[in-house]
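Have a look at the structure below, then the notes.
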Amino acid sequence: MRLGIASLMFGYVLSQFFRAFLAVLAPVLEADLGASKQDLATASGLWFLAFGAMQIPVGVALDRIGPKRTTVACLAIGTLGTAIFAMATTPFGIKMAMALIGVGCSPILMSAYYIFAREFSPAVFATLAGATIGVGNLGNIASSLPLTAAAEAFGWRETVWGLAAICALTGVAVLALVRDPAPAPAGPKGSVLTLLKMPVLWPILTIMLVCYAAPGGLRGLWLGPYFSDVWGYGANQIGLAGLWMGIAMVIGSFAIGPMDRWFGTRKWVIFGANLGMLVALCALWIFPDRSAGFSIAMFVGLGLCGSSFPIVIAHARAFFPPHLVGRGVTLVNLFGIASVGVAQEVTGRLHAARVDQADPAAPYQAVFGFFAVTVTLGLVVYLFSRDRTD
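Residue numbers for the sequence shown follow this note's numbering, so the first one is 22 and each next one is one higher.
Next up, the structure:
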């Protein structure tokens, strides 16, 4: 089982890589394919929307056929999407490829969480979930300077072909190493609708809508154009800025995951982390052009505090009936991931609406403001949630 979990963790590294690598490839895709920033925002959003749309069927598949076959089938689709990306000659090809890659990555994290929920004590779920996110965020690091170096050394198409091979090999590893948990004991019939009828979950789902949208959207795309347009950064400098934010996300995931056991609360750990993220967003919104160093520090703070994703899932997990664990964790994941896709489309339009202004920071100020407002609204609703630890 350890090797199986390790293969899923590696798959999640790949998933985190794919959701963030457009930020580094943006300049070359604009130059080679004529892709606009709105095209790239849509492509990034399609990854998250496709990923999110798969969460309900993935949840059903986890409960019915287990994580092994679910993950292998989707990784095959992701391999196809990566190959299409490598061959793309138009922005439409990039968009289609990103949607298929989103489908390919959609079950990986939830397969690991399903195994944790079925095979381990509920008390350590948040710690294991946070550790998985922390390891996976190494993909954020790989999609910064290492991706820049690979694209410069081999070319971006050749680098993406290499990623297609890695994606295929990951599917083979999962097929060989993952062991499905024993079937859950029979319980009353239920579905996603059963979960949605539980009012106790509504504030948790609301904070899930906003807790990852900002770090996912900014690291996944806007970091690169922002530092290029406002601060004149080249590819290596953008890669370095992404590296610092990626490291912060790794540290945040490992640090926030076990805090529910340290402090005896999940609600207030989640609230505090998202409040810290809100402070960083407001600073970028109010001072988008103060200095490059200040902006990098705020992106790092945002990455550090914006890593509450696993503990939010743990908070919701505490209320799931045992026979609906698979559908439960994927439902919560749907809210966290699909919201990034929607946010990318909205912020793409906000950016485009202000791009003609003389101030190069103005379009990004609108992006930061959107995320700050939505996080504020999410925190207000989350105040009404019920705390629970295991």
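Just so it is clear, CB atoms sit at the ideal spot from N, CA and C, and this is done for glycine as well.
Three-state secondary structure (DSSP) at residue i?
| i | result |
| --- | --- |
| D84 | helix |
| F340 | coil |
| A109 | coil |
| A256 | helix |
| D377 | coil |
| G176 | coil |
| T91 | helix |
| R407 | coil |
| M219 | coil |
| R287 | coil |
| A203 | coil |
| F308 | coil |
| P78 | helix |
| P279 | coil |
| S249 | helix |
| F141 | coil |
| Y233 | coil |
| G267 | helix |
| G102 | helix |
| G192 | helix |
| G55 | coil |
| S212 | coil |
| S164 | coil |
| S360 | helix |
| S329 | coil |
With respect to the alpha helix (DSSP H) encompassing residue i, which residues constitute its N-terminal and C-terminal limits?
| i | result |
| --- | --- |
| A152 | 146-157 |
| Y403 | 383-403 |
| K116 | 112-126 |
| L70 | 58-74 |
| G314 | 313-326 |
| R240 | That residue, R240, is in no alpha helix (DSSP H); it is neither H nor E in DSSP. |
| F39 | 23-41 |
Just the Cα atoms here: how many angstroms apart are residue i and residue j?
| i | j | result |
| --- | --- | --- |
| V394 | D53 | 35 Å |
| P342 | C126 | 26 Å |
| W252 | R240 | 17 Å |
| P128 | L230 | 19 Å |
| L43 | G66 | 11 Å |
| T180 | P88 | 29 Å |
| D60 | R90 | 33 Å |
| L355 | L83 | 15 Å |
| F31 | Q378 | 43 Å |
| F292 | L242 | 26 Å |
| L46 | W223 | 37 Å |
| V290 | V156 | 21 Å |
| N295 | V396 | 8 Å |
| S316 | M266 | 11 Å |
| D281 | A335 | 9 Å |
| I225 | E173 | 43 Å |
| F308 | V333 | 30 Å |
| A138 | V195 | 19 Å |
| F106 | R409 | 44 Å |
| F38 | P167 | 11 Å |
| L96 | C188 | 7 Å |
| I122 | A301 | 30 Å |
| Y134 | D380 | 45 Å |
| I162 | L264 | 5 Å |
| G73 | A359 | 5 Å |
| I412 | R311 | As shown, the chain starts at 22 and ends at 411. That puts residue 412 outside it, with no answer to give. |
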